[in-house]
Amino acid sequence: MTDVQTSLIPPLGEPRPQPVPVAEETTLPNGLRLVVVPRPGVPLIELRLRVPFAAANARNAGVHAARGAVLSGAVLLGSRQRDQTEIAQLLQTHGAELSVATDADRLVFGTTLLPGGLAPVLGVLAELLTGASYPAGQVDGERDRLAERIAIARTQPGTIARSALAKRRYGAHPYAIQLPDAELVAAVRAPALRRLHRERVLPAGSILVLVGDLDPQAAADTVATVLEGWSGSGTAVEAPPVTELRSAGIELVDRPGAVQSNLRLGGPAPRRTDDDLPATRLAAMIYGGYFSSRLVENIRERKGYSYSPRSAVDHQRASSSFLVEADVATEVTGPALLETLYELGRIALTPVTEAELDAARRYVLGSMALSTATHAGLASTISALLGAGMPADWLRTHQQDLAEVTVEQVQAAAARYLAPETLTAVVVGDASRVATELAALAPVTVTGSGEDA
290 MTDVQTSLIP PLGEPRPQPV PVAEETTLPN GLRLVVVPRP GVPLIELRLR VPFAAANARN
350 AGVHAARGAV LSGAVLLGSR QRDQTEIAQL LQTHGAELSV ATDADRLVFG TTLLPGGLAP
410 VLGVLAELLT GASYPAGQVD GERDRLAERI AIARTQPGTI ARSALAKRRY GAHPYAIQLP
470 DAELVAAVRA PALRRLHRER VLPAGSILVL VGDLDPQAAA DTVATVLEGW SGSGTAVEAP
530 PVTELRSAGI ELVDRPGAVQ SNLRLGGPAP RRTDDDLPAT RLAAMIYGGY FSSRLVENIR
590 ERKGYSYSPR SAVDHQRASS SFLVEADVAT EVTGPALLET LYELGRIALT PVTEAELDAA
650 RRYVLGSMAL STATHAGLAS TISALLGAGM PADWLRTHQQ DLAEVTVEQV QAAAARYLAP
710 ETLTAVVVGD ASRVATELAA LAPVTVTGSG EDA
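Sequence positions in the sequence shown follow my numbering and run 290 to 742.
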């Protein structure tokens, strides 16, 4: 084997802050917030329209989630002017294909388009916003397909684990609903979708982001002209405040015959507005956020318990979370959870090294640069930030904050947010094989909502 002279490899330089494009912002008379980010070079435009779409209260959250899920697929089925095929053909003429998605916070329309197609693509969007038809027969077909997909998804162990953890953490809050109930979806009818659209798809509180090869003033004039007919008298609904339910012990969701166990831990994390978010992001990265992290080194590289253990900080409009997940063979469930908790305790109690901090910082900054390098990535990122109440230049200030985080700040953040006692734990697996060993780590409550393997 040839020796490599590592002394010839120059040291890494200091991470360079990534330039953040200037965003031009205006609010239209109908209340729509428009943000235009000129980015010449690639002859494309990315469009993201974010509409606040949270459940008004916990009582109707299940029905709202079911109707919203069907609406996101059915809104493209036609308008008063065109049917589904005509809409698709017109969009394709301009290199566009509208996608629609919804979650507990928002409804999002998105597409890529050619620069010359801004007005006609916005015209199609305006038709859907003001006059989506929701034809009954096609709505029924979309609803039935969605109900079938949900029923299948609910048999998957990862989905079972995610849903159990959310329910345990959020209780009756709408965020506890990770997937709509298939029976509630099956009850959705076209008139309910038309009413929901009329009451909730409103310009006030909505945010339209355009990124790409365009002139800000010309784009603003086009949007104002094409979308001036979109109106509504309702008000935007945001998710209610979250009260985190700290549940001691381990919930073991029994999945008889399972050859794997799905380990999930979660707890509160700083919001994007909080000063300790940069340090917490770096602590999560050092713990389990990338391939060189401690958790990966321990339960993947040294012990071979899990192929892809990971941790992350996740943001929603009304809450942020620190999450840990690992899928392991049934026979190593107890040892794998033990090591997962050990690494959490270790990072909460003892300082990380400067080398670990530097490597994690470089990785986070590099990932941010990659995620915003494309028009699509930048548009989605800005839409998410603005929807969370942050300014567009948060990217720049957050980079600066990450660059200044110290070892002491990482340890303080880890002690507050990553300590095992701050986290709620769920395991999905064969209770007959893993309950006893898990009980050696913490009290275990066995529930039976899992599916047979």
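In this text, a Cβ means the ideal position worked out from N, Cα and C, and glycines have one as well.
- Comparing C-alpha distances from Ala-714 to each of Gly-521, Pro-557 and Ala-475 shows the shortest one belongs to Pro-557.
- Of the residues assessed, Thr-524 falls on the exposed side of the cut-off, its CB having fewer than 16 other CB atoms within 10 angstroms.
- Going by C-alpha positions, Ile-539 is about 34 angstroms away from Leu-691.
- Between the C-alpha atoms of Val-653 and Ala-704 there is a straight-line separation of about 21 angstroms.
- Beta-bridge pairing by DSSP links Phe-398 to Leu-338 and Val-389.
- Nearest to Asp-470 by C-alpha distance, out of Pro-624, His-353, Ala-728 and Ala-615, is His-353.
- Here the region 528-538 makes no contact with the region 363-373; the two share fewer than three CB pairs at distances below 8 angstroms.
- For Gly-555, the number of other beta carbons within 10 angstroms of its own is at least 16, and it is reported as buried.
- In the structure shown, Leu-566 falls within a helical segment according to DSSP collapsed to helix, strand and coil.
- Counting only the Cα atoms, Gly-623 lies some 43 angstroms from Val-477.
- Secondary structure at His-486: helix, using DSSP grouped into helix, strand and coil.
- Approximately 11 angstroms separates the beta-carbon atoms of Ser-522 and Pro-492; this is outside 8 angstroms, ruling out the contact.
- In this chain, the beta strand (DSSP E) harbouring Pro-557 covers 549-557.
- Beyond the five residues adjoining it in sequence on each side, Ala-648 comes within less than 7 angstroms, by CB distance, of Ser-581 in the same chain, given in chain order.
- Looking at the DSSP output, Ala-615 bridges to Leu-552.
- Burial state of Thr-400 is buried, judged by a 10 Å Cβ sphere holding 16 or more other Cβ atoms.
- Residue environment for Arg-434: exposed (fewer than 16 other C-beta atoms within 10 angstroms of its C-beta).
- Beta-bridge partners assigned by DSSP to Gly-501: Pro-327 and Ile-334.
- Residue environment for Gln-467: buried (at least 16 other C-beta atoms within 10 angstroms of its C-beta).
- When DSSP states are grouped into helix, strand and coil, Ile-449 belongs to the helix group.
- For Tyr-579, same chain residues with a beta-carbon under 7 angstroms away, outside a window of 5 residues either side, are Tyr-652 in chain order.
- Taken in chain order, the complete alpha helix (DSSP H) segments of 4 or more residues contained in the region 628-676 are 643-660 and 664-676.
- Between Glu-517 and Ile-376, the alpha-carbon positions lie close to 20 angstroms from each other.
- For Leu-541, the enclosing beta strand (DSSP E) stretches over residues 539-543.
- Secondary-structure assignment with DSSP links Thr-713 through a beta bridge to Gly-555.
- For Pro-480, the closest C-alpha among the options Asp-719, Gln-378 and Asp-429 is that of Asp-429.
- Remark: fewer than three beta-carbon pairs, one from each stretch, lie closer than 8 angstroms, so the region 378-386 and the region 497-514 are not flagged as touching.
- Here Val-515 has Ala-408, Leu-411, Gly-412 and Ala-415 as same chain residues with Cβ atoms under 7 angstroms from its own Cβ, once five neighbours each way along the sequence are excluded.
- Rounded to whole angstroms, the gap between the alpha carbons of Gly-447 and Pro-732 is 22 angstroms.
- In the displayed model, His-604 falls within a strand according to three-state DSSP.
- Cβ-Cβ separation between Ile-575 and Ile-636: approximately 7 angstroms, consistent with a contact (criterion under 8 angstroms).
- Taken atom to atom, the span from the alpha-carbon of Arg-451 to that of Gly-718 is near 13 angstroms.
- DSSP links Ile-496 through a beta bridge to Arg-322 and Arg-339.
- Taking the Cβ atoms as the reference, Ile-496 lies roughly 43 angstroms from Gly-737, outside the contact range of under 8 angstroms.
- Closest option to Leu-485, judged by alpha-carbon separation, among Ala-644, Ala-344 and Ile-334: Ala-344.
- Per DSSP, Glu-527 lies in no alpha helix (DSSP H) segment and is marked neither H nor E.
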